[in-house]
Every structure is written in structure tokens, then in C-alpha cells.
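J.: Below you will find the structure I want to go over with you.
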Amino acid sequence: MREYLLTLCITAAVTYLLTGPVRKFAIVAGAMPQIRARDVHREPTPRLGGIAMFFGLCAGLLVASHLTNLNEVFEKSNEPRALLSGAALIWLLGVLDDKFEIDALLKLGAQMIAAGVMILQGLTILWLPIPGIGTVAVTPWQGNLITVALVVVTINAVNFVDGLDGLAAGMVGIAATAFFLYSYRIWYGYGAEAAAPATLFSVVLIGMCVGFLPHNMHPARIFMGDSGSMLIGLVLAASAVSVTGQLDVEALNVDLGGARETTHAMLPVFIPLLMPLTIIAVPMADLILAIVRRTWRGQSPFAADRGHLHHRLLEIGHSHSRAVLIMYFWSALIAFGALAYSVNSASMWIVLSVVILSAIGLLLLLLPRFTPRAPMWAQHIVPPRYRRRRATVRAPQAVAEAGTGEAADTAAEAAEPDDQDAGGHRAPVPAGVSGVNGATALGHRARVGDRGRPASPTEGTATSRSR
Numbered sequence: 040m041r042e043y044l045l046t047l048c049i050t051a052a053v054t055y056l057l058t059g060p061v062r063k064f065a066i067v068a069g070a071m072p073q074i075r076a077r078d079v080h081r082e083p084t085p086r087l088g089g090i091a092m093f094f095g096l097c098a099g100l101l102v103a104s105h106l107t108n109l110n111e112v113f114e115k116s117n118e119p120r121a122l123l124s125g126a127a128l129i130w131l132l133g134v135l136d137d138k139f140e141i142d143a144l145l146k147l148g149a150q151m152i153a154a155g156v157m158i159l160q161g162l163t164i165l166w167l168p169i170p171g172i173g174t175v176a177v178t179p180w181q182g183n184l185i186t187v188a189l190v191v192v193t194i195n196a197v198n199f200v201d202g203l204d205g206l207a208a209g210m211v212g213i214a215a216t217a218f219f220l221y222s223y224r225i226w227y228g229y230g231a232e233a234a235a236p237a238t239l240f241s242v243v244l245i246g247m248c249v250g251f252l253p254h255n256m257h258p259a260r261i262f263m264g265d266s267g268s269m270l271i272g273l274v275l276a277a278s279a280v281s282v283t284g285q286l287d288v289e290a291l292n293v294d295l296g297g298a299r300e301t302t303h304a305m306l307p308v309f310i311p312l313l314m315p316l317t318i319i320a321v322p323m324a325d326l327i328l329a330i331v332r333r334t335w336r337g338q339s340p341f342a343a344d345r346g347h348l349h350h351r352l353l354e355i356g357h358s359h360s361r362a363v364l365i366m367y368f369w370s371a372l373i374a375f376g377a378l379a380y381s382v383n384s385a386s387m388w389i390v391l392s393v394v395i396l397s398a399i400g401l402l403l404l405l406l407p408r409f410t411p412r413a414p415m416w417a418q419h420i421v422p423p424r425y426r427r428r429r430a431t432v433r434a435p436q437a438v439a440e441a442g443t444g445e446a447a448d449t450a451a452e453a454a455e456p457d458d459q460d461a462g463g464h465r466a467p468v469p470a471g472v473s474g475v476n477g478a479t480a481l482g483h484r485a486r487v488g489d490r491g492r493p494a495s496p497t498e499g500t501a502t503s504r505s506r
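Given below as C-alpha cells:
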């Protein structure tokens, strides 16, 4: 475990230290596009954060290759080299897209090529453990198609969710942490060496996200861009492919009378198909809903909109920071809930805890609808969102009586509507407009982003940034 912690720290440190210089380079290189209609940030922000994340990945793998225990992963498996090859290709594609806005079909084709590069070097699905049947070997074509589909879908799911400051890096970091604990238990708990590459990939991915988050939390100083979102999506997919298709159930140190009995009895422990899906459950749901929504409206699935899950959280009244934390909460609940179930599926406490936390999550989602209001004596000591509107009811009359001058300005300022409706509830704030991007951005501020928005808000690709 100490070597994994060292690898994580080195990866995070390199990513963190390089992000500052990369930000300056992005500004000089012009990788700082103007505000678009669908964006929720208020000022042009440089991208290319994926450059620092890629070098963090390289540093983490380099350090791991020289450590005593982790060196065996490089000697006995070609998967780390396969990951690095595919990551380099997808990262280069993302850098070019951050600067020049590459066509959607070209990016989709490049993603498939990156998956093919990893497949050619052995990182592919070889068999699938099916409950009640046992280990089922798949043909090379079947394994390759499943691998390509998983890689492409994961990349785009992570890319779609990259719409708020710190959202994609935080959610992927949470998923990678759950996946690391899962694969680490499979390796050391059951002696399955085939889970070693996935364990290494997961810990490196955690370091990439942790190192980048301090620069990307709201208000973000730099975005990861496609160079970062596609990169961490590919690393996450590689971890899932490695532990799903490379690990034979018969290799586990469990004697249950045969492969079929082993697979069926150990399903709660070894969740080869469920665990990779749970770690990207929220991004995957956002991807599916976006495709259905756009197709139902007669639009292209590649068309841009502001109907993503994080946009909806902003629209119902959540602040930027609270929307991100809510998405974190649901990602952690799903990923660690599946992890806890794999450890002890017979415990009702786990199921009960998940149900209770889900109820808390739903309450958090509806929190803007039930914002408490402070009593009249506390109106001047609480934030504006918790104040009553009694003082603003007479404001129009005060404006008429004030005439002109300083008194009129004060009365007019009091007459401006706040973020509450007649019933004392906060009114929804549409995403992408003034007053959304910030933890306290429920007031009215100047629309800084209007001056740089292009005429057309359309998005050219399903794999482009949702910012």
C-alpha cells in the first residue's frame, strides 16, 4: 500500500506543479475561447489542463516501474504500455481540439483508434464471468467490439459531465477511489494478479484528479478541456477493461467446487460487469438523457443544449458549488454502495444505509424549494437568500415618493426584485446567464460573458465540452 501511496503522491504533485505553467502557456497559445451561450462560467478561461494531467500520468507510471512490488506489473503485463500508447493518442487529439475545435466524426474515429491501439497491445476483454454459467470466453472480434464500445462510451460520458468547475475531476476521482479499493481487494484478498494493472491505473488516475482539482475548483483558473476529460475517461475505461476482461474467476483463491459455482457464489465479491458501470453511473445517465432529449426534439445527438444534470441543478436554484457537491454525493453513493455490497451482500445495514443516504440526497436536490426564512429581528444578520420580502413590497411606492437624487437611488435599489418569489421561495435561475457562476451568485451582476459570445450557440460534437 505504501508504494501505491507514493505513486499517488508523485502523480498528484507533478500534475499540480505543472498546471500553473500550463495555464500560462494556454493563455499565450490562445487556447482560451470566448464565452458561449451554453457556458456557465462568466469570463474566458484557458483550457489545456490535460497537458499537466498527461505528464502526471507519465510520472506516476515511471515511478511505479521502479518500485519493487509494482515493477512486476510492467514485467508480467503489457497493459501499462498499452494504456500509455492509447492515452498519448487521445491526449494529442484533445490538445488539438482545445485549440482548433476538431470535427465530431474525426474525434469519434480517433477515439476508436486509441481503443484499437490498446487492443493491439493486449488490453482487451478476453472472457466474461456470467452468473450460473461460469467463465465464458469471447471471440477476438466480440472482445474487441466490447472493448471499443466501453472505451468510447466512457470517454464521452466523462466529457459530457465536464460542465462545472471541478465536476469532472472530482467525480472521476471518487470513482477511481472506489475502483482502486475494489481491485486492490481482488488482488491481495484473493491472490488474483490479473487485477494488479487495474489497481495501478486507478491509483494513478486518483493522483491526476487530486493534483488538478485545486486549480479547477470554483472559480476555476483553468479548464482541463478535451485533452483532460478524454484522457481521464480513457484511463477509467482501461481500468474497467483490465479487471473485467483480463481476470479469470478460476484464478481466485476460492474453492467452491468449480467455475460455475465459484462465479455464482462470488458474484457479490467479484462484480465484473456491475462495478465498471456504477463508477460512471452519473455521467452515463447524463449521456443517455442528453441523447434521448435531443433525439426526441428532432435534433442531432451532437447538438448543444443546457439540459445536462448540472445545468438542471443550477436552474432549480442551487449555487455552482452546491450543484458540484450534490453530484459528488450521488457519485460517491453509487460507487461506494456497490463496493460495500461486494464486501458483504448479506448485511441489511448496507442496504438500509444506501436507502437513507438516497433520501438525504433527494432532500438536498429539493433544498432550494424549502429554503428557510429568518425571523424579522434577524433580517440584517443573515444572507439575502434567507430574508423575507416584506421590505420590497412597498418599494415601488417609495420610488415614486422619493423623486430624484440619492434617496431615489436608494429606493430604486430596494425596489429591484431579489431571488425570491411571492411565497418566499427562491426563483429558478436559468443556467448560463448572469448570476449563476458562483456560490453566492444569486444576485444581479453584470453579464461579463456577453461581450465574447459567438452568434451561434450550437455545439459541433457529442464529444465536445459541455461547458
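In this note's numbering, the protein residues as written are 40 to 506.
Ideal placement from N, C-alpha and C gives every residue a C-beta, glycine not left out.
Since the model is a prediction, treat every value here as computed from it, not as a measurement.
1) So what does DSSP say about L96, is it helix, strand or coil?
2) Between V211 and C248, which are expected to be in contact by the criterion C-beta below 8 Å, what is the C-beta distance as a whole number of angstroms?
3) Using DSSP's beta-bridge definition, name the partner residues of L167.
4) Going by Cα to Cα distance, which pick from G148, T58 and V102 is closest to G264?
5) Would you call the stretch 149-160 and the stretch 126-139 in contact, with 3 or more CB pairs under 8 Å?
6) Would you mind reading off the limits of the alpha helix (DSSP H) that contains F262?
7) Near G133, what residues of its chain come up, given a Cβ to Cβ distance below 8 Å and the 5 sequence neighbours on each side ignored?
8) Measuring only the C-alpha atoms, how far is G182 from G148?
9) Quick one: grab the DSSP three-state call for P307.
10) On the premise that T84 lies in contact with I355, defined as a C-beta separation below 8 Å, what is that separation, rounded to the nearest angstrom?
11) Per DSSP, what kind of secondary structure is E114 in: helix, strand or coil?
12) Looking at F251 and A196, is the spacing between their C-beta atoms short of 8 Å?
13) Are the stretch 271-279 and the stretch 178-192 in contact at 8 Å, needing three or more beta carbon pairs?
14) Which term fits E118, buried or exposed, when burial requires 16 or more other beta carbons within 10 angstroms of its beta carbon?
15) Looking at C-beta atoms only, is the number of pairs between the stretch 357-369 and the stretch 383-392 that lie closer than 8 Å three or more?
16) Do you know whose CA, among A98, G69 and M40, lies nearest L56's CA?
17) Can you check whether the CB of T107 is closer than 8 Å to the CB of G246?
18) If you measure between the beta carbons of L47 and V242, is that distance less than 8 Å?
19) Would you check if there are 3 or more beta carbon pairs closer than 8 Å linking the stretch 330-340 to the stretch 373-382?
20) Compare the C-beta of L147 against all C-beta atoms of chain D and say whether one is closer than 8 Å.
21) How long is the line joining the alpha carbons of A371 and Y221, rounded to whole angstroms?
22) Within 10 angstroms of the Cβ of S386, are there 16 or more other Cβ atoms? Answer buried if so, exposed if not.
23) From G272 to A417, what distance separates their C-alpha atoms?
24) Considering M151, what are the terminal residues of the alpha helix (DSSP H) in which it resides?
25) Please go through the same chain and pick out, in chain order, the residues whose beta-carbon is closer than 7 Å to the beta-carbon of G161, but skip the five residues on each side of it.
26) Indicate the three-state DSSP secondary structure (helix, strand or coil) for G205 in the structure shown.
27) In its own chain, which residues sit with a C-beta less than 8 Å from the C-beta of A446, not counting the 5 before and 5 after it?
28) When burial is assigned at 16 or more other CB atoms within 10 Å of the CB, is L109 buried or exposed?
29) At 4 residues or longer, what runs of the alpha helix (DSSP H) sit wholly inside the stretch 205-284?
30) Along the chain, where does the alpha helix (DSSP H) that runs through L391 open and close?
31) Closer than 7 Å: is that where the CB of T186 sits relative to any heavy atom of the ligand SAH?
32) Return the first residue and the last residue of the alpha helix (DSSP H) that I66 is part of.
33) Considering M366, what are the terminal residues of the alpha helix (DSSP H) in which it resides?
34) Should A164 and T283 be called a contact, given that it needs their Cβ atoms to be closer than 8 Å?
T.: On the basis of the coordinates in this document:
1) Residue 96 sits at position 57 when you count from the first residue of the sequence shown. In the structure shown, L96 sits in a helix (DSSP, three-state: H, G or I).
2) Position 172 of the sequence shown, counted from the start, is the residue given in the question as residue 211. Position 209 of the sequence shown, counted from the start, is the residue given in the question as residue 248. About 6 Å separates the two Cβ atoms, so the contact holds.
3) The residue you call residue 167 lines up with position 128 of the sequence shown. DSSP output for L167 lists V175 as bridge partner(s).
4) Within the sequence shown, the letter at position 225 stands for residue 264. Comparing Cα-Cα distances from G264 to each of G148, T58 and V102, the minimum goes to T58.
5) yes
6) Along the sequence shown, read from residue 1 onward, the residue named residue 262 stands at position 223. Looking at the DSSP string, F262 is not in any alpha helix (DSSP H), and its letter there is neither H nor E.
7) As a first step, residue 133 must be located in the sequence shown, where it is residue number 94. Closer than 8 Å at the Cβ level, and outside the excluded window around G133, lie G89, G264, D265, S266, G267, S268, M269 and L270.
8) Along the sequence shown, one-based indexing puts residue 182 at 143. Along the sequence shown, one-based indexing puts residue 148 at 109. If I take the Cα positions, the gap works out to 19 Å.
9) Sequence index remark: in the sequence shown, residue 307 carries index 268 (1-based). Interpretation of P307 is limited by its pLDDT of 46, a score under 50 that renders its predicted location unreliable; no figure is taken from the coordinates.
10) In the sequence shown, the residue the question calls residue 355 occupies position 316. In the sequence shown, the residue the question calls residue 84 occupies position 45. The Cβ separation is near 25 Å, so there is no contact.
11) Residue 114 sits at position 75 when you count from the first residue of the sequence shown. Of the three classes helix, strand and coil, the one that applies to E114 here is helix, per DSSP.
12) For the purposes of this step, residue 196 is taken as residue 157 along the sequence shown, with counting starting at 1. For the purposes of this step, residue 251 is taken as residue 212 along the sequence shown, with counting starting at 1. Going by C-beta atoms, A196 is not nearer than 8 Å to F251.
13) yes
14) By one-based count along the sequence shown, residue 118 stands at place 79. Classification of E118: buried, given that the 10 Å Cβ count is 16 or more.
15) no
16) Counted from its first residue, the sequence shown places residue 56 at position 17. With distances taken between Cα atoms, L56 lies closest to A98.
17) Your numbering for residue 246 matches position 207 in the sequence shown. Your numbering for residue 107 matches position 68 in the sequence shown. No. Outside cutoff.
18) For this step, residue 47 is matched to residue 8 along the sequence shown. For this step, residue 242 is matched to residue 203 along the sequence shown. The answer is yes: Cβ separation under 8 Å.
19) no
20) Note that chain D does not occur in the displayed structure, where there is just one protein chain.
21) Position 332 of the sequence shown, counted from the start, is the residue given in the question as residue 371. Position 182 of the sequence shown, counted from the start, is the residue given in the question as residue 221. So the alpha carbons of these two residues sit roughly 14 Å apart.
22) As a position in the sequence shown, residue 386 is number 347, starting the count at 1. So S386 ends up on the exposed side.
23) Taking the sequence shown and counting its residues from 1, the one referred to as residue 272 is at position 233. Taking the sequence shown and counting its residues from 1, the one referred to as residue 417 is at position 378. Approximately 48 Å between the Cα atoms of the pair.
24) Counting from 1 along the sequence shown, the entry for residue 151 is found at position 112. Here the alpha helix (DSSP H) through M151 covers A143 to L159.
25) As a working mapping, residue 161 is identified with position 122 in the sequence shown. Cβ within range, chain order: N117, E118 and A121.
26) Your numbering for residue 205 matches position 166 in the sequence shown. Coil.
27) What you label residue 446 is simply residue 407 of the sequence shown in a count that begins at 1. Only weak support is given to the placement of A446: the predicted model assigns it a pLDDT of 43, under 50, and the value that follows is read from those uncertain coordinates. Cβ within range, chain order: n/a, list empty.
28) Taking the first residue of the sequence shown as 1, we reach residue 109 at position 70. When all chains shown are included, L109 counts as buried.
29) 206-223, 235-255 and 264-284
30) Position 352 of the sequence shown, counted from the start, is the residue given in the question as residue 391. Here the alpha helix (DSSP H) through L391 covers M387 to L404.
31) Judged by which ligands are present, the structure shown has none, so any question about the ligand SAH falls away.
32) As a working mapping, residue 66 is identified with position 27 in the sequence shown. Counting along the chain, the alpha helix (DSSP H) containing I66 begins and ends at R41 to A68.
33) For the purposes of this step, residue 366 is identified with residue 327 of the sequence shown, where counting begins at 1. Where M366 is concerned, the enclosing alpha helix (DSSP H) stretches over H359 to V382.
34) Residue 164 sits at position 125 when you count from the first residue of the sequence shown. Residue 283 sits at position 244 when you count from the first residue of the sequence shown. The residue you asked about is not Ala; residue 164 is Ile in the sequence shown. In this structure, T283 lies closer than 8 Å to I164 by Cβ.
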